[in-house]
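Here it is, written out as structure tokens:
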């Protein structure tokens with residue numbers, strides 16, 4: 001596998017920045033870094049492993065998609081005990097929609113790890129979701145189902161899955177916050193600014209203040225998403241007040 | 001949950017025949033038998049649990065489908081390292097097709113456990129596959145992913161999954177056996193007879209003999225399936241001779 005090491009970043013446990021970055025992303029130590037190298041290798045590099053099999057993320061995408069689907073299924077099954085089979089199927093489709101997975105991949109800035117012969121701007125939007133799925137596949141191969149589940153909970157379910165919003169009961173947290181402030185005659189400000197930093201993808205940050213006090217912040221790849229993220233956090237921060245008024 | 005116990009068979013660890021039968025089917029001891037009671041309860045009974053949630057197999061079907069899909073995905077990923085994403089997707093669809101799942105459910109005679117207000121003959125063919133999926137969901141809830149995986153390997157992958165046949169490279173093992181016998185000028189007999197025994201569903205058995213010696217047996221819910229099963233076994237029993245002649 002040395003020929004791969006030359007192309008992707010060095011990955012030995014001691015000196016590899018790829019290993020270090022992946023470990024930070026996963027919140028656990030990878031056992032076999034090669035799975036992750038594969039998860040971020042685009043087929044345009046035309047790499048093969050020692051057995052002559054294609055070395056790129058496409059097959060891992062298939063595996064990760066199945067693992068993600070089963071983790072989300074078990075989450076929904078337990079979370080919504082009254083949900084019918086049709087309801088559960090529909091909710092899962094929303095969570096694992098191509099659009100949503102692309103968003104997740106972008107928010108984790110996974111593209112920074114991708115090795116490709118095609119310029120990153122030209123690979124299309126789906127690469128973000130595809131490598132996100134491939135990463136889940138790599139985790140499964142490297143550490144098994146429970147790590148896979150833990151990762152999906154940490155990176156998908158806890159930060160992004162909101163049953164009420166998916167059900168369409170809440171269409172916009174920003175709307176809720178504004179409505180509540182107006183009703184309560186509170187002054188609010190939703191301040192948005194570009195905050196890309198060193199990242200490849202443009203990012204925006206949002207600060208929400210109520211009566212001069214900062215309540216929540218959000219940061220994402222679009223203004224709208226960052227606003228919703230901050231508003232959702234503000235909603236949960238204020239939930240006791242909101243639901244009792 | 002006592003009201004359920006009255007309808008489904010008694011299920012305490014010591015005296016329950018349902019518990020005993022399920023344990024035999026699973027090859028391991030169930031922890032919480034209620035999951036399995038649910039997996040075999042049809043909605044026509046209109047049962048609820050103590051929290052007022054529907055007590056039937058429909059939600060478990062959703063969960064089991066996802067678990068089965070992920071186990072098959074990981075099996076195929078490892079088994080066929082040269083298979084592209086498209087190939088893997090197609091093979092999985094064949095394995096988890098409605099028709100195939102119904103066949104699996106029938107072969108395990110799962111219908112014998114079903115509690116329903118509708119006569120078993122009137123529930124339609126899909127019930128066999130549906131309760132098979134629900135059973136996988138129940139195993140996941142009761143014992144976790146690894147038991148689920150073990151069950152799918154024992155009951156689906158090892159006895160039924162044959163990559164060459166799924167790929168269409170071998171369309172009929174019976175054809176292969178006959179062709180080989182004719183080429184080798186060997187006498188063969190394929191003997192089929194009804195063999196239902198005490199079961200609810202009609203069963204057939206098949207014996208294959210070559211030059212007067214019994215080589216393999218098969219048993220299934222249709223003549224054709226029993227013949228293919230016996231022929232496949234005969235093929236593997238004779239493989240060394242077949243491939244070297």
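Chains as they are written, first to last, in full-length UniProt numbering: chain U, 1 to 245; chain X, 1 to 245.
Even for Gly, the Cβ is constructed at its ideal location relative to N, Cα and C.
All of these numbers come straight from a predicted model, not from anything done at the bench.
Proximity winner among the options, relative to residue i (alpha-carbon distances)
i              : options                           : result
residue 242(X) : 222(X), 184(X), 208(X) and 217(X) : 184(X)
residue 224(X) : 212(X), 204(X) and 34(X)          : 204(X)
residue 209(X) : 106(X), 196(X), 160(X) and 230(X) : 230(X)
residue 117(U) : 42(U), 197(U) and 162(U)          : 42(U)
residue 213(U) : 191(U), 35(U) and 24(U)           : 191(U)
residue 31(U)  : 161(U), 140(U), 211(U) and 219(U) : 140(U)
residue 57(U)  : 233(U), 115(U), 193(U) and 70(U)  : 115(U)
residue 220(X) : 160(X), 25(X) and 152(X)          : 160(X)
residue 108(U) : 222(U), 25(U) and 195(U)          : 25(U)
residue 133(X) : 113(X), 74(X), 101(X) and 77(X)   : 101(X)
residue 215(U) : 70(U), 181(U), 35(U) and 29(U)    : 181(U)
Three-state secondary structure (DSSP) of residue i
i              : result
residue 204(X) : strand
residue 214(X) : strand
residue 167(X) : coil
residue 89(X)  : helix
residue 29(X)  : coil
residue 220(U) : strand
residue 179(X) : helix
residue 199(U) : coil
residue 184(U) : coil
residue 109(X) : coil
residue 63(U)  : helix
residue 69(X)  : helix
residue 17(X)  : helix
residue 246(X) : Nothing can be reported for residue 246(X), as the shown portion of chain X is limited to 1 through 245.
residue 162(U) : coil
residue 97(U)  : coil
residue 82(X)  : coil
residue 238(X) : coil
Cα-Cα separation, residue i to residue j
i              : j              : result
residue 72(X)  : residue 92(X)  : 7 Å
residue 104(X) : residue 111(X) : 11 Å
residue 122(X) : residue 154(U) : 45 Å
residue 187(U) : residue 202(U) : 30 Å
residue 246(X) : residue 173(X) : Examination of residue 246(X) is not possible in this model, given that chain X is present from 1 through 245 alone.
residue 131(U) : residue 40(U)  : 6 Å
residue 207(U) : residue 168(U) : 25 Å
residue 96(X)  : residue 165(U) : 32 Å
residue 146(X) : residue 61(U)  : 22 Å
residue 144(U) : residue 80(X)  : 19 Å
residue 236(X) : residue 22(X)  : 31 Å
residue 176(X) : residue 106(X) : 26 Å
residue 124(X) : residue 179(U) : 52 Å
residue 150(U) : residue 157(U) : 10 Å
residue 280(X) : residue 239(X) : A query on residue 280(X) cannot be resolved here, the shown segment of chain X reaching from 1 to 245 and no further.
residue 53(X)  : residue 18(U)  : 48 Å
residue 234(U) : residue 87(U)  : 28 Å
residue 163(X) : residue 226(U) : 47 Å
residue 33(U)  : residue 198(U) : 25 Å
residue 64(U)  : residue 135(X) : 24 Å
residue 274(U) : residue 171(X) : Limits of chain U in this structure are 1 at one end and 245 at the other, which puts residue 274(U) out of reach.
residue 138(U) : residue 38(U)  : 8 Å
residue 127(X) : residue 74(U)  : 22 Å
residue 50(U)  : residue 148(U) : 27 Å
residue 35(U)  : residue 59(U)  : 11 Å
residue 69(X)  : residue 78(X)  : 14 Å
Cβ of residue i within 9 Å of any chain X Cβ
i              : result
residue 85(U)  : yes
residue 59(U)  : yes
residue 135(U) : no
residue 94(U)  : no
residue 28(U)  : no
residue 66(U)  : yes
residue 159(U) : no
residue 238(U) : no
Strand pairing of residue i, partner residues [DSSP]
i              : result
residue 124(X) : Bridge partners of residue 124(X): none, in fact.
residue 209(U) : 189(U) and 214(U)
residue 48(X)  : 54(X)
residue 41(U)  : 115(U)
residue 194(X) : 204(X)
Residue-chain proximity (residue i, chain U), Cβ-Cβ < 9 Å
i              : result
residue 4(X)   : The predicted position of residue 4(X) is uncertain, since its pLDDT is 46 and thus under 50; no value can be drawn from it.
residue 53(X)  : yes
residue 107(X) : no
residue 72(X)  : yes
residue 62(X)  : yes
residue 104(X) : no
residue 79(X)  : no
residue 41(X)  : no
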